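In case it helps, the numbering used here puts the sequence shown at residues 1 to 137. Virtual Cβ for every residue (Gly too), placed ideally from N, Cα, C. These numbers come from a predicted model, not from an experiment.
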Amino acid sequence: MATIFSRIVAGEIPSYKVAEDENNYAFLDINPVAPGHTLVIPKKEVDYIFDLSDEDYASLQMFAKRVAEAMKRAMPCSRIGVTVMGMEVPHTHIHLIPINAETDMNFFGDKANVSAEEMTRIAQAIAAEMQQHSELY
Ligand code: 5GP
């Protein structure tokens with residue numbers, strides 16, 4: 001059975017899409033730790049990130065770098081924090097989170113309360129930054 005993230009990539013479940021390329025997809029986390037919290041996934045359904053082939057791992061990380069750079073331009077933050085856990089959804093995903101302090105990377109506290117309108121605006125702002133700088137890649 002397809003993972004929930006594969007169903008998002010297929011368009012069967014809606015997402016606040018940020019970007020995609022041939023192999024990878026980026027979308028806002030539905031329960032964000034901070035506004036702009038983004039998940040970057042390979043389209044290929046592999047549970048554990050270090051089970052990806054070298055080629056797929058490199059592709060995912062390069063794509064995540066592009067997304068993080070766009071997030072940094074689109075969001076007011078000092079840097080983009082990076083975490084991989086994957087204990088909940090068995091489909092590799094990199095968490096990218098705009099932060100100003102270490103405590104902003106708190107997966108175990110209160111989640112950010114971001115309205116649907118704000119999620120849409122943030123996803124569009126990051127997507128626009130990706131497109132504006134597409135010549136860089
Ligand atoms: P992890 O597996 O790394 O512990 O966390 C899984 C993440 O996926 C969580 O941050 C959770 O909010 C997010 N998530 C789970 N289901 C969905 C979904 O259907 N849509 C979106 N956008 N995010 C999801």
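Using a Cβ-Cβ cut-off of 8 Å (strictly less than) and excluding sequence neighbours within five positions of residue i, which residues of its own chain qualify?
{"i": "M130", "result": "V18, A19, R66, V67 and A70"}
{"i": "T3", "result": "E45, V89, P90 and H91"}
CA-CA distance, residue i and residue j?
{"i": "R79", "j": "A101", "result": "9 Å"}
{"i": "D123", "j": "I94", "result": "Note that residue 123 is Ala in the sequence shown here, rather than Asp. Computed Cα separation, rounded: 16 Å."}
{"i": "D47", "j": "G109", "result": "25 Å"}
My assumption, with CB atoms under 8 Å, is that residue i sits in contact with residue j. Please give the rounded CB distance.
{"i": "A112", "j": "V33", "result": "6 Å"}
{"i": "I126", "j": "A74", "result": "5 Å"}
{"i": "S59", "j": "N24", "result": "6 Å"}
Count the other CB atoms within 10 Å of the CB of residue i; is the residue buried (16 or more) or exposed (fewer)?
{"i": "A116", "result": "exposed"}
{"i": "C128", "result": "Checking the displayed sequence, the identity of residue 128 turns out to be Ala instead of Cys. Label assigned to A128: exposed."}
{"i": "P98", "result": "buried"}
{"i": "F50", "result": "exposed"}
Whose C-beta lies closer than 7 Å to the C-beta of residue i among residues of the same chain, with five residues either side of it excluded?
{"i": "E22", "result": "none"}
{"i": "Q132", "result": "none"}
{"i": "C77", "result": "P98, I99 and N100"}
{"i": "L96", "result": "T38, V40, A64, V67, A68, M71, I80 and V82"}
Go through its chain and collect everything with a Cβ distance to residue i's Cβ below 6 Å, but skip five positions before and after it.
{"i": "M119", "result": "Y16 and L28"}
{"i": "A26", "result": "V18, A19, T38, V40 and V67"}
Touching by the beta-carbon criterion (3+ pairs, under 8 Å), the stretch 97-109 and the stretch 42-50 | no
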